[in-house]
Every structure is written in structure tokens, then in C-alpha cells.
Amino acid sequence: MLVLAISPATIVLIVIAVILLVIVFSMLARQQSNKRLEDRFGPEYKRTVAATGDRAAAARELRDREKHRKRFERRDLDPALRNRYRERWRAIELRFIDEPAACVREADDLVTEVMTKRGYPMDEFDQRADDLSVDYPAVVENYRQAHRIANANERGTASTEELRKALVYYRSLFAELLNDADTRTQRLKETG
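If you count the sequence shown from 1, position 141 lands on 142 in the numbering used here, and the numbers rise without skipping.
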């Protein structure tokens with residue numbers, strides 16, 4: 002029987018090498034996970050890093066958002082309902098010149114209604130924005146800005162230019178909420 006004699010120094014070196022490999026692989030896995038989050042969330046990833054102060058905390062928060070978002074199912078809108086929403090949006094835009102403050106309130110209400118119909122829980126604003134960031138990371142900052150301006154509008158401190166921006170911000174989210182089902186249906190037609 003062949004017995005290999007390994008010195009204690011060799012054992013220590015092997016253990017150190019294994020520990021180093023584990024550390025390197027865990028660092029690479031974390032970098033890959035952060036890169037995936039950065040790719041998925043885009044500008045929202047950068048905003049979250051800035052808000053939390055570091056990448057690890059931002060990654061934890063974004064993963065928590067993904068977990069929270071998985072708790073509810075997003076629903077598609079019926080095509081007739083989508084068309085009614087589009088008509089309501091057009092009416093809001095047409096009246097904006099004459100009634101900008103009222104139109105921003107209506108835009109906020111309409112976006113909230115569409116979100117509810119799509120299955121988003123109507124929690125506090127920050128949680129709604131976090132939920133939206135998982136599905137629509139490119140436009141969630143628009144939603145935050147529109148909401149900030151809508152609050153200023155309620156206080157009577159929003160300028161007409163700010164109200165115009167709010168309507169544009171709401172429109173970007175509104176379009177995403179409505180067109181999501183259209184885009185998915187179109188992809189199915191193209192592939193199937």
C-alpha cells in the first residue's frame with residue numbers, strides 16, 4: 002500500500018490555496034451579480050447606488066425589490082380597456098393648455114388606475130415606485146419626478162413649465178404600462 006507523506010507545511014499551503022480560491026470565486030460571483038443588476042436596472046441601479054452609498058447595499062435593495070415584485074402577478078389589459086385609457090390620455094393632453102394643473106392631477110389618477118388594473122398594489126408611493134423599477138427601470142425616475150411635481154401642484158407651487166414636464170413624465174410611464182402587453186403580443190405573432 003502506497004502512503005503519501007505530506008508535510009504540515011504542504012497541508013497549510015493547500016488549505017490557504019483553497020481559501021483563496023473560494024474568496025476569488027465569491028468575489029467574481031458578486032461582481033457578476035452586480036453586473037446583472039446594473040444591466041437589468043440601468044439608471045435605477047446608479048440612482049440606488051448613490052442613495053445607499055455603496056454597491057453591496059444597492060444590490061441588496063434591488064434584489065429585495067425583485068423579491069417583493071414576485072409577490073404579485075402583473076395582469077395584461079384588455080385591448081378595449083387599453084383603447085379607452087388611450088382616449089382618456091388624449092383628452093388630458095388636449096385640455097392641458099387650458100387647464101394644466103387639473104390635467105396633471107388627472108394624469109396622476111389615470112396612471113394610478115392603470116397600475117391598479119395591471120396588478121400593482123397601491124402601497125405608499127415609494128413602494129409603488131420600487132415595484133415599478135423592477136418592470137420599468139428606464140422610466141421609474143420619470144414617475145418620481147412627475148409625482149414630486151404633482152405634490153407641488155397640490156400645494157400651488159408648480160410652474161406651468163413644471164406641469165408640462167410632469168405630463169411628459171407621466172406619459173412615458175403611461176405608454177410603457179399600456180404598450181407592454183402590445184409588445185408582448187407582437188413578439189408572439191412574430192415568433193409563432
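All C-beta atoms in this analysis are idealised placements derived from N, C-alpha and C, irrespective of residue type, glycine included.
Determine the extent of the alpha helix (DSSP H) in which Lys-118 is found, giving its start and end residues. It spans 101-119 - the alpha helix (DSSP H) in which Lys-118 sits, taken as one unbroken run.
Report the three-state DSSP secondary structure of Pro-138 (helix, strand or coil). coil
Arg-7, DSSP secondary structure in three states: With the sequence shown as reference, residue 7 is identified as Ile, and Arg is not the correct amino acid for it. In the structure shown, Ile-7 sits in coil (DSSP, three-state: anything other than H, G, I, E or B).
Using a Cβ-Cβ cutoff of less than 8 Å, which residues in the same chain neighbour His-148 once the five nearest sequence positions on both sides are dropped? Asp-109, Phe-126 and Ala-130
Can you have a look at Glu-177 and say buried or exposed, based on whether 16 or more other CB atoms are within 10 angstroms of its CB? So Glu-177 ends up on the buried side.
Same chain only: Cβ atoms within 8 Å of Ala-10, ignoring 5 sequence neighbours per side: none
With distances taken between CB atoms, is the gap from Phe-42 to Ser-134 smaller than 8 Å? yes
Can you have a look at Arg-31 and say buried or exposed, based on whether 16 or more other CB atoms are within 10 angstroms of its CB? Answer is exposed; the Cβ neighbour count stays below 16.
Glu-114 classed as buried or exposed, judged by whether at least 16 other C-beta atoms fall within 10 angstroms: exposed
Report all residues from its chain with a CB closer than 8 Å to the CB of Glu-142; omit the five preceding and five following residues, and keep chain order. Pro-44, Glu-45 and Arg-48
When you compare the region 88-106 with the region 158-169, are there three or more beta-carbon pairs, one atom per stretch, that lie closer than 8 Å? Yes: the two stretches touch, three or more of their Cβ pairs being nearer than 8 Å.
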